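Read through the structure below, which is laid out as structure tokens, and then see the notes.
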Amino acid sequence: FDFSPLYRIDDQRTLAAHVAVGVAYPYGNSTILPFEKRYFGGGANSVRGWSTRTLGPGSYSNDSIASDFGRKVGDVKLDFSVEYRRKLTRLIELAGFVDAGNIWTIRNYSEQPGGLFEWNDFYKELAVAYGVGVRFDLNFLLIRVDGGMKAHNPALPKGSRWTIFKPNFGRDFAFHFAIGYPF
């Protein structure tokens, strides 16, 4: 399910919101979904404090330096976003945003510890990010540049997940270049 209301305050200001919920379940003789059918978190159209495919699942964290691309997928996805957009000129628009969400698995896979969706804990594993962006409206094309900072990082140990109070720019910042609005 994907819902994106847009509220025009006046000709220059807009408030946009986005809610996306998805659940995929393997059936038949499958115990896991194919990789390309699974959800991923983070990126220019998701929780923008994370780079593409670097969020989740749940509180899963890999401490090694090696890429963990294949394990950063899940079967359940929640995304929430609110964005305030302000036109400066016909060409330039500024935006401020807050995003929240994550992905989870519906089975407890040993290679993704902390990734299981549990009703009593999922809200504690919602990632939260905030940031600003610039949009260049060329009438036929919208070019978007966003910078997002992590505010709540579920991959960190409990007690140090709220990074908004002690941000580490190298760890908590993500830059996104995209075409079109995020939602």
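Quick note: the sequence shown, position 57, residue 41 per this note's numbering, numbers continuous. Idealized CB from N, CA, C, for every residue including glycine. Remember, it's a predicted structure, so these values are computed and weren't measured experimentally.
Nearest candidate by alpha-carbon position, reference residue i, set the options
i: D(-5); options: P(-11), T73 and I16; result: T73
i: I87; options: R145, G25 and T(-2); result: G25
i: N46; options: G98, I163 and F120; result: G98
i: P168; options: G117, S94, F153 and A139; result: The structure shown does not extend to residue 168, since the chain is modelled only from -15 to 167, so the question has no answer here.
i: F157; options: E67, R70, A135 and F149; result: A135
i: K142; options: L125, T89, G42 and N123; result: G42
i: L125; options: G164, E102 and N152; result: G164
i: V112; options: S65, H2 and L122; result: S65
Own chain partners of residue i with C-beta closer than 6 angstroms, once the 5 adjacent residues on each side are dropped
i: A162; result: A28 and R128
i: R(-3); result: R70
i: V0; result: The sequence as given places Ala at residue 0; Val does not occur at that position. Cβ neighbours of A0 beyond the five flanking positions: L(-10) and E67.
i: W146; result: H136
Rounded separation between residue i and residue j - CA only
i: L17; j: V7; result: 11 angstroms
i: S94; j: D52; result: 14 angstroms
i: I76; j: F120; result: 5 angstroms
i: R22; j: Y11; result: 14 angstroms
i: Y107; j: N13; result: 31 angstroms
CB-CB length for residue i against residue j, believed under 8 angstroms
i: D130; j: G115; result: 6 angstroms
i: V31; j: D59; result: No, V31 and D59 are not in contact; Cβ-Cβ is about 17 angstroms, not under 8 angstroms.
Residues bridged to residue i [DSSP beta-bridge criterion]
i: N86; result: L62
i: G54; result: Looking at the DSSP assignment, G54 forms no beta bridge with any residue, so it has no partner.
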